[in-house]
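Engineer: One structure coming up, written as structure tokens, with questions to follow.
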Amino acid sequence: MIATAVRHRRTRPRRLARRRIETQFRTLVSPHQLNTRRGRTIYWIVLVGMVVAFTAIFMFPLYWMVTGALKAPEELDQIPPTLVPQDPSFDAYLEAWNLLDLGLLLKNTAIYAVGAWLFTLAVDVSAAFALSKLRPMFGKLITGMMLATLMIPPMVLMLPLFVTIVDLDLLNSPWAIWLPAAANGFNIFLLKRFFDSIPRELIEAAEMDGASPARILWSIVLPVSRPILGVVSIFTVVAVWKDFLYPLLVLPDTDSMTVSVAINSLSQTMPTNALTAALVIASMPTIVIFLFFQRHIMAGLTAGSLKG
Numbered sequence: 000m001i002a003t004a005v006r007h008r009r010t011r012p013r014r015l016a017r018r019r020i021e022t023q024f025r026t027l028v029s030p031h032q033l034n035t036r037r038g039r040t041i042y043w044i045v046l047v048g049m050v051v052a053f054t055a056i057f058m059f060p061l062y063w064m065v066t067g068a069l070k071a072p073e074e075l076d077q078i079p080p081t082l083v084p085q086d087p088s089f090d091a092y093l094e095a096w097n098l099l100d101l102g103l104l105l106k107n108t109a110i111y112a113v114g115a116w117l118f119t120l121a122v123d124v125s126a127a128f129a130l131s132k133l134r135p136m137f138g139k140l141i142t143g144m145m146l147a148t149l150m151i152p153p154m155v156l157m158l159p160l161f162v163t164i165v166d167l168d169l170l171n172s173p174w175a176i177w178l179p180a181a182a183n184g185f186n187i188f189l190l191k192r193f194f195d196s197i198p199r200e201l202i203e204a205a206e207m208d209g210a211s212p213a214r215i216l217w218s219i220v221l222p223v224s225r226p227i228l229g230v231v232s233i234f235t236v237v238a239v240w241k242d243f244l245y246p247l248l249v250l251p252d253t254d255s256m257t258v259s260v261a262i263n264s265l266s267q268t269m270p271t272n273a274l275t276a277a278l279v280i281a282s283m284p285t286i287v288i289f290l291f292f293q294r295h296i297m298a299g300l301t302a303g304s305l306k307g
């Protein structure tokens, strides 16, 4: 009995330490279990399985759209559908390009997106810098009112915005897209939050050297704000590129339509595979932009301080 009591006293601290570790890491698999071969094997199986499953779920619509344009109309409408084209052909892409004049539509949409991007950077960066670093009178009130506009549904603003565009005679003009896109409360809020994290000492040192606010913005603030500028740029370009209802109202002329509006207008007179090919071509620019600049999204949204 004495030996049993001694062994019990020796193993008790180990059990208490293990219990404290399991209490500290309240997860499905504790660090102690992950250190075993069986735990590591299960961990990697679950991790790889989840990554593959979610990748397949998110990539399947894109795969279905790309392969659907390679099928004949009869095969595309077949029930049950085929996952792999039986007789793949790229004729639908050429047909969609010629029927819709996608070159002109993509050019129009690119002009609208680039112009909106430039105006957004000019207006939103200036407004965010003024609210963050220049500290104007009633700055907090202005910020609160700006954030309050984010609670208004976009559909509510559609009618007064359209009436304003008509009164200014801006129908079928790029200005109808550029001007409303320039004032974006969400982008100003993102930029202001990032500018708030820039040390005040940098601004004060530049002011002591005689730098103007415009010089401070151009030489100090913008060079360290590349991540958030990338985020705002991606959001602006993608929003203009995929927008449908507003361009449908303010760009009724065929020669000034965006690609999404034109595809919808002619969708009833096109073969199904050609329509699918047009959707693939129209979505490619935004997919390429996202693939090239995806790291800027998380970098810009998570950046909140400077080290030095």
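Numbers 0 to 307, taken from numbering that gives the first Met the number 0, label the letters of the sequence shown in order. Don't be surprised by glycine CBs; every beta carbon is placed ideally from N, CA and C. Please read these numbers as outputs of a predicted model, since none were measured by experiment.
Between PRO309 and PRO270, is the Cβ-Cβ spacing less than 7 Å?
Structural biologist: Because the chain here runs from 0 to 307, residue 309 falls outside it and cannot be looked at.
Engineer: DSSP three-state label for ASP90, please.
Structural biologist: It is helical.
Engineer: What alpha helix (DSSP H) runs, 4 residues minimum, are completely inside the segment 165–229?
Structural biologist: If we require 4 residues or more, the alpha helix (DSSP H) runs fully inside the segment 165–229 come out as 174–181, 184–195, 199–207 and 212–215.
Engineer: Take every Cβ of the segment 212–226, pair it with every Cβ of the segment 147–161, and state whether three or more of those distances are shorter than 8 Å.
Structural biologist: Cβ pair count under 8 Å is below three, so no.
Engineer: Can you give me the Cβ contacts of ASP242 inside the same chain, cut-off strictly under 8 Å, excluding the 5 residues immediately before and after it?
Structural biologist: THR257 and SER259.
Engineer: Report the three-state DSSP secondary structure of ASP76 (helix, strand or coil).
Structural biologist: Here ASP76 sits in coil by DSSP.
Engineer: Only counting the same chain, and skipping five residues up and downstream in sequence, which positions put a Cβ closer than 6 Å to that of GLU94?
Structural biologist: Taken in chain order, the residues that qualify are ALA273.
Engineer: Please report the residue range of the alpha helix (DSSP H) in which SER259 lies.
Structural biologist: Taken as a continuous stretch (DSSP letters only), the alpha helix (DSSP H) holding SER259 covers 258–264.
Engineer: Can you tell me where the alpha helix (DSSP H) holding SER131 begins and where it ends?
Structural biologist: That residue, SER131, is in no alpha helix (DSSP H); it is neither H nor E in DSSP.
Engineer: When the Cα atoms are used, what is the spatial distance from THR253 to VAL239?
Structural biologist: Spanning the two alpha carbons is a distance of roughly 18 Å.
Engineer: Here's the rule: buried if 16 or more other CB atoms are within 10 angstroms of the residue's CB, otherwise exposed. What is PRO87?
Structural biologist: By the neighbour-count rule (16 or more Cβ atoms within 10 Å), PRO87 is not buried but exposed.
Engineer: Should TRP116 and THR235 be called a contact, given that it needs their Cβ atoms to be closer than 7 Å?
Structural biologist: Going by C-beta atoms, TRP116 is nearer than 7 Å to THR235.
Engineer: Nearest to MET157 by alpha carbon, out of SER255, PRO246, PHE291 and THR268?
Structural biologist: Ranking SER255, PRO246, PHE291 and THR268 by Cα distance to MET157 puts PRO246 first.
Engineer: Can you tell which of ASN183, LEU104 and MET154 has its C-alpha closest to the C-alpha of LEU120?
Structural biologist: Measuring from the Cα of LEU120, the nearest candidate turns out to be ASN183.
Engineer: Would DSSP call GLN267 helix, strand or coil?
Structural biologist: It is helical.
Engineer: Between which two residues does the alpha helix (DSSP H) containing LYS139 stretch?
Structural biologist: 138–147 is the extent of the alpha helix (DSSP H) around LYS139.
Engineer: Under 7 Å Cβ to Cβ from LEU130, same chain only, skipping five residues before and after it: list those, please.
Structural biologist: The answer, listed in chain order, is GLY138, ILE141, THR142 and LYS191.
Engineer: Name the two residues that bound the continuous alpha helix (DSSP H) containing ILE151.
Structural biologist: Looking at the DSSP string, ILE151 is not in any alpha helix (DSSP H), and its letter there is neither H nor E.
Engineer: For PRO360, which residues in the same chain have their Cβ closer than 7 Å to its Cβ, ignoring the five residues on either side in sequence?
Structural biologist: Given a span of 0 to 307 for the chain in the structure shown, any question on residue 360 remains unanswerable.
Engineer: Looking at the unbroken alpha helix (DSSP H) that takes in LEU69, where does it start and where does it end?
Structural biologist: Counting along the chain, LEU69 falls outside any alpha helix (DSSP H), and DSSP gives it neither H nor E.
Engineer: For SER232 and PHE291, what's the separation of their Cα atoms in angstroms?
Structural biologist: So the two alpha carbons sit approximately 13 Å from each other.
Engineer: Applying the criterion that 16 or more other CB atoms from any shown protein chain within 10 Å of the CB defines a buried residue, is THR163 buried or exposed?
Structural biologist: Classification for THR163: exposed.
Engineer: Would you mind reading off the limits of the alpha helix (DSSP H) that contains VAL249?
Structural biologist: First-last of the alpha helix (DSSP H) with VAL249: 244–249.
Engineer: Taking all protein chains shown into account, decide if ASN92 is buried (16 or more other Cβ within 10 angstroms of its Cβ) or exposed.
Structural biologist: The sequence shown places Tyr at residue 92, not Asn. Buried: at least 16 other Cβ atoms inside 10 Å.
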